[in-house]
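>
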Amino acid sequence: MATPSLLPDSLLLNGRTFRYADIQQYPANSPTELNGYEARVLDFCRQWLNGALEFELQTSGSTGQPQPVRMTRRQLTASAARTGDYFDLGPDTPLLACLNCEFVGGLMMLVRGFERHMHITIVEPQADPLVLLPANASIAFASFVPLQLRTLLETGRAEQLNQMKLILVGGAPTDAALTQQIAQLTVPVYLTYGMTETASHIALRHLNGPEASPYYRVLPGIHVEQDERGCLAIRADVTNDQLIVTNDQVRLLDQHTFEWLGRADFVINSGGVKVQAEKVELVLEVALAELEVSRRAFVTGLPDERLGEQVTAVLEGHPLLPAQQDQLIGLLEERLSKYERPRRLLFVPQFQTTASGKLDRRKTLSELAHIPG
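Per UniProt numbering, residue 1 is the first one in the sequence shown, and the count goes up by one each step.
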């Protein structure tokens, strides 16, 4: 354990050093030239360093309008302690906070850094967060959304990533192509499961190495169960000891392990048959990877007079060549039942994302109304 004199007394924000003593007096002792993001990050840091007991967080808004959630300091410190203990994160750990710190994923990186006396480097969220770091920067612990990790791998930064000790990925599932790329990394990479109401992740899935698994492992001290819909319910100190019922359908293997099946509110009712959108998405992602088509995609139900909802695949970017479309449709017909097969392939130039970096399905689908055909 580092001696108190060696514990961090400052952090780096967008390349500038801010001493904790000055942050505690923010905005009195701060530079006048701050952008809006920097100002909001420093305001949270001021509250935390001054011992605030309650905080208002926003949900990500990936499945609806963002909602405010009140969280206590006890909940946030319990989450930070659980992650810190699980991964043995100590005061000498250099941490990179490159997620949006106005949402729980990024904010909890700051809390972990403060609570475990880590060296905190904060950069404004962008697709390649490492480009904002000094050339000699050493990072041991980072958390990314899939889009960021995909960008880093596709721009040849695997060597930099492998110099880290631990990487978390959250905010959305990793598709088949990205999971294959992650498998080549030597640094341990974990996909997280959690939400604002649980103060970040409560379960982890190892994505690479000999312990890679399709299942999530619940962290110690977290109680999970299922409701009558088969959806996960969670109770722990991070939920303020209240039972939080999710819309995530799971298969519980035991009290500590589950398989995530998809969201109950993403079920498509097509001709009276219920189709799980995420199951079709997984098959679609694998097919795209086999065809070496690097595209983000998702599956949704669009209104249909005869079926009620029509299973539809939405791909990012320009339309595929006719031969590629035929190959893709052929693979989907081989691997999906007639009810599950997408009846249309639609293309959107660019997917919309939330402020926290998650795919915003609702906004992306609204783009379809402005696309001819």
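Ideal placement from N, C-alpha and C gives every residue a C-beta, glycine not left out. Every value quoted in this text rests on a predicted model; they were computed, and no experiment measured them.
If the criterion is Cβ atoms closer than 8 Å, does the pair N269 and G308 meet it?
Residue numbering aside, residue 269 sits at position 269 when the sequence shown is read from its first letter. Residue numbering aside, residue 308 sits at position 308 when the sequence shown is read from its first letter. Against a cut-off of 8 Å, the Cβ pair of G308 and N269 comes out as a contact.
> Output the distance between the C-alpha atoms of Q163 and L331, rounded to the nearest integer angstrom.
Mapped onto the sequence shown, residue 163 falls at position 163. Mapped onto the sequence shown, residue 331 falls at position 331. When rounded, the distance between both Cα atoms is 38 Å.
> When burial is assigned at 16 or more other CB atoms within 10 Å of the CB, is T186 buried or exposed?
Counting from one through the sequence shown, the residue named residue 186 turns up at place 186. With fewer than 16 other Cβ atoms within 10 Å, it is exposed.
> Enumerate in chain order the residues of its own chain whose CB-to-CB distance from R296 is below 6 Å, with the five nearest sequence positions on each side excluded.
Sequence index remark: in the sequence shown, residue 296 carries index 296 (1-based). Excluding positions up to five away in sequence, the list reads E316 and F351.
> If you draw a straight line from the alpha carbon of L291 to that of V145, how long is it in whole angstroms?
To locate residue 291, count along the sequence shown from 1; it is residue 291. To locate residue 145, count along the sequence shown from 1; it is residue 145. Distance between the alpha carbons of L291 and V145 is about 24 Å.
> Would you please state the rounded distance, in angstroms, between the beta carbons of L89 and R112? I believe it to be under 8 Å.
For the purposes of this step, residue 89 is taken as the residue at position 89 of the sequence shown. For the purposes of this step, residue 112 is taken as the residue at position 112 of the sequence shown. Indeed, because the Cβ distance is near 7 Å, the residues count as touching under 8 Å.
> With a threshold of 8 Å, are at least 3 pairs of Cβ atoms found where one atom belongs to the stretch 120-133 and the other to the stretch 75-90?
As far as the Cβ criterion goes, the stretch 120-133 does not touch the stretch 75-90, which means the pair count is below three.
> Can you tell me where the alpha helix (DSSP H) holding F351 begins and where it ends?
In the sequence shown, the residue the question calls residue 351 occupies position 351. Segment: none, F351 is in no alpha helix (DSSP H) and carries neither H nor E.
> Whole angstroms are fine: how far does the CA of S30 sit from the CA of D22?
In the sequence shown, residue 22 corresponds to position 22, counting from 1. In the sequence shown, residue 30 corresponds to position 30, counting from 1. Answer to the nearest angstrom: the Cα atoms are 7 Å apart.
> Check for me: the alpha helix (DSSP H) holding F114 runs from which residue to which?
Start at 1 with the first residue of the sequence shown, and residue 114 comes out as number 114. Note, F114: alpha helix (DSSP H), V104 to E115.
> Cβ of G156 versus every heavy atom of the ligand PLP: is any distance shorter than 7 Å?
Among the components modelled here there is no ligand, and therefore nothing to report on the ligand PLP.
> Measuring straight from C-alpha to C-alpha, what distance separates K279 and E340?
Taking the sequence shown and counting its residues from 1, one reaches residue 279 at position 279. Taking the sequence shown and counting its residues from 1, one reaches residue 340 at position 340. Using only the alpha carbons, I get a separation of about 9 Å.
> Could you compute how far the alpha carbon of P68 sits from the alpha carbon of L57?
Within the sequence shown, numbered from 1, the residue matching residue 68 stands at position 68. Within the sequence shown, numbered from 1, the residue matching residue 57 stands at position 57. About 6 Å.
> Please go through the UniProt domain "AMP-binding enzyme C-terminal" (284-358) and give each complete beta strand (DSSP E) segment of 3 or more residues, from N-terminal end onward.
Runs of the beta strand (DSSP E) inside the UniProt domain "AMP-binding enzyme C-terminal" (284-358): 297-304, 308-316 and 344-348.
> Do you know how far the Cα of F18 is from the Cα of I244?
Stepping through the sequence shown from its first residue, residue 244 is reached at position 244. Stepping through the sequence shown from its first residue, residue 18 is reached at position 18. Cα-Cα distance, rounded: 37 Å.
> Taking one C-beta from the stretch 155-172 and one from the stretch 33-40 each time, how about it: are there three or more such pairs within less than 8 Å?
Verdict: no, contact absent.
> Which one or two residues does DSSP pair with K274 in a beta bridge?
Against the sequence shown, residue 274 aligns to sequence position 274. Answer is N269.
> Exposed or buried, which one is E285 when buried takes at least 16 other CB atoms within 10 Å?
In the sequence shown, residue 285 corresponds to position 285, counting from 1. With 16 or more other Cβ atoms within 10 Å, it is buried.
> What is the DSSP secondary structure of M1, reduced to helix, strand or coil?
Start at 1 with the first residue of the sequence shown, and residue 1 comes out as number 1. The predicted position of M1 is uncertain, since its pLDDT is 45 and thus under 50; a value taken from the coordinates is nonetheless stated next. It is coil, neither helix nor strand.
> Going by DSSP in three states, V123 sits in which element: helix, strand or coil?
Translated into the one-based positions of the sequence shown, residue 123 becomes position 123. The answer is coil: DSSP assigns V123 none of H, G, I, E or B.
> Does the distance from the C-beta atom of C98 to that of Q148 stay below 8 Å?
Mapped onto the sequence shown, residue 98 falls at position 98. Mapped onto the sequence shown, residue 148 falls at position 148. Yes. Within cutoff.
> Output the distance between the C-alpha atoms of V218 and A176, rounded to the nearest integer angstrom.
Counting from one through the sequence shown, the residue named residue 218 turns up at place 218. Counting from one through the sequence shown, the residue named residue 176 turns up at place 176. Each residue's Cα considered, the two are about 23 Å apart.
> Give the DSSP-derived three-state secondary structure of A137 in the structure shown.
Against the sequence shown, residue 137 aligns to sequence position 137. It is coil, neither helix nor strand.
> Nearest-angstrom Cα distance between E228 and L261?
As a working note, residue 228 is residue 228 in the sequence shown. As a working note, residue 261 is residue 261 in the sequence shown. Their Cα atoms are separated by approximately 15 Å.
> The beta strand (DSSP E) that contains G194, what's its start and end?
Within the sequence shown, residue 194 is the residue found at index 194, counting from 1. Run containing G194: V189 to M195, per the beta strand (DSSP E) assignment.
> Just how far apart, CA to CA, sit Q255 and C45?
Within the sequence shown, numbered from 1, the residue matching residue 255 stands at position 255. Within the sequence shown, numbered from 1, the residue matching residue 45 stands at position 45. Rounded to the nearest angstrom, the two C-alpha atoms are 36 Å apart.
> Could you give the DSSP three-state label for C231: helix, strand or coil?
If you number the sequence shown from 1, residue 231 lands on position 231. C231: strand per DSSP, three-state reduction.
> Only counting the same chain, and skipping five residues up and downstream in sequence, which positions put a Cβ closer than 7 Å to that of T239?
Translated into the one-based positions of the sequence shown, residue 239 becomes position 239. Around T239: E197 and T198.
> Where Q310 and P134 are concerned, what is the direct C-alpha to C-alpha distance, given to the nearest angstrom?
Numbered from 1 along the sequence shown, position 310 holds the residue referred to as residue 310. Numbered from 1 along the sequence shown, position 134 holds the residue referred to as residue 134. Taking the straight line joining both Cα atoms gives about 49 Å.
> Measuring alpha carbon to alpha carbon, tell me which of G194, S200, P188 and A203 ends up nearest E211.
By one-based count along the sequence shown, residue 211 stands at place 211. Per the Cα distances, P188.
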